[in-house]
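Student:
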Amino acid sequence: MGIRSDISWGLVFYSLLALRCADEVTPEQRDPCDDPDQLYLKSPPGVKAEPPLVASVSLDELTTIDENGEATVSSMIKAVFADVSELVEDTTPAIPFGRSCVARVGDPDESEGAAPMAVEKVAFTSEVFGELSLEPDEEGRIDPLLEESFFSNKGGETVAIRVDSNKDTSSFPAFATRIVVPEAVKKKDITIEERLDESLAIGWAPSDASFLEIKLRTEAPPNTSLPPNRIRCFFLEDDGCFVVPIAAMESLTSQGVYDITVRVERHSFDFAVASETALAEIDAIRSLEFNIHVE
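Note that the sequence shown covers residues 3 to 297 in our numbering.
This is the structure we're talking about:
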């Protein structure tokens with residue numbers, strides 16, 4: 003994967019926010035779960051609008067529910083630091099549906115021109131796991147930490163993050179920040195409703211997290227070389243319901259595959275300003291993945 007693919011949609015798909023459809027329905031007429039307004043992630047003061055130096059630090063927990071209803075939990079802590087001033091994006095087309103969803107066909111292409119930047123250490127401190135750190139190897143690569151879980155069942159704990167770095171031009175600036183772990187998304191709280199108009203309503207227990215993402219995927223039909231179909235609905239308010247638009251569902255099932263993998267991602271997100279030209283995305287994510295069949 004390219005460096006830029008590790009930087010979250012908070013920056014990569016910023017421009018897609020401008021592709022929202024015009025709203026011809028009054029708030030009184032609209033179903034509150036149906037394609038609500040997106041949440042906007044604004045760069046904080048004290049940093050350029052498009053900083054050349056970008057970091058992504060993420061703590062990511064995924065709970066996967068298998069066909070027997072058994073849950074498997076896996077977690078990863080990852081940090082990426084890059085100079086993206088010469089970045090040339092080469093991604094697969096993204097087709098917008100409504101205000102919140104885009105379709106992508108196949109896997110994204112790698113980006114070119116992003117230059118990895120050095121740091122000495124990335125340290126994490128939490129009352130749950132104590133102290134952990136990521137350190138580069140001899141070639142400067144930072145491998146992620148993998149565990150079953152880094153979070154408490156309830157969430158709400160604070161993780162302190164500190165990046166130590168040299169002051170040379172090849173290093174990302176040092177910074178320190180904190181992020182609060184969100185609540186887990188629980189399968190018992192998930193509801194799925196196939197509506198008569200063929201849209202798909204997804205419900206969950208709401209929380210005060212920064213935003214929610216819903217990802218849907220269908221695999222290619224057997225014995226074909228077609229790519230998978232993917233829909234991503236992003237920057238959603240964590241209010242407990244969302245309706246995947248009709249056109250998005252039609253795109254998702256356009257290859258005649260009706261077994262869908264659904265991932266509901268809850269994000270606790272913030273920016274950390276390392277310097278006027280360096281911005282870090284900090285993201286604590288708790289996701290639930292399960293399969294459904296639609297008719």
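All residues carry an ideal CB built from backbone N, CA and C; glycine is no exception.
Quick check: the segment 146-166 against the segment 57-76, are at least 3 beta-carbon pairs closer than 8 Å?
Tutor: With a cut-off of 8 Å, the segment 146-166 and the segment 57-76 count as touching, because enough Cβ pairs lie within range.
Student: Measuring CA to CA, which of Asp170, Ser201, Ala178, Ser212 is closest to Glu185?
Tutor: Ranking the options by Cα distance to Glu185, first place goes to Ser212.
Student: Specify the secondary structure class of Ile192 as computed by DSSP and reduced to three states.
Tutor: Note: Ile192 maps to coil in three-state DSSP.
Student: Which of the three DSSP states, helix, strand or coil, is assigned to Glu252?
Tutor: Three-state DSSP puts Glu252 in a helix.
Student: If you draw a straight line from the C-alpha of Ala282 to the C-alpha of Arg180, how long is it?
Tutor: Cα to Cα, the separation comes out at about 12 Å.
Student: For Thr193 and Ile262, which I take to be in contact (beta-carbon distance under 8 Å), what is that distance rounded to the nearest angstrom?
Tutor: Not quite, the Cβ-Cβ distance comes to about 15 Å (not below 8 Å), so this is no contact.
Student: Can you give me the C-alpha to C-alpha distance between Asp241 and Ser209, rounded to a whole angstrom?
Tutor: Those two C-alpha atoms are separated by around 7 Å.
Student: Pull up the distance between the alpha-carbon of Leu134 and that of Val246, whole angstroms please.
Tutor: So the alpha carbons of these two residues sit roughly 39 Å apart.
Student: Between Phe126, Thr279, Arg232, which has its C-alpha nearest Gln137's C-alpha?
Tutor: Rather than Gln, the amino acid found at residue 137 in this sequence is Glu. Closest option to Glu137, Cα to Cα, is Phe126.
Student: Using the three-state DSSP reduction, which class does Thr28 fall into: helix, strand or coil?
Tutor: Since pLDDT at Thr28 reaches only 45, below the 50 mark, its modelled position is unreliable, and no value is offered.
Student: Return yes when the Cβ of Asp272 is within less than 7 Å of the Cβ of Ile287, no when it is not.
Tutor: No, the pair does not count as a contact, with Cβ atoms beyond the cut-off.
Student: What do you reckon, are the CB atoms on Ile204 and Phe244 nearer than 7 Å?
Tutor: Cβ atoms of Ile204 and Phe244: closer than 7 Å.
Student: Using the DSSP secondary-structure output, state which residues sit across from Ser173 in a beta bridge.
Tutor: Ser173 pairs with Ala120.
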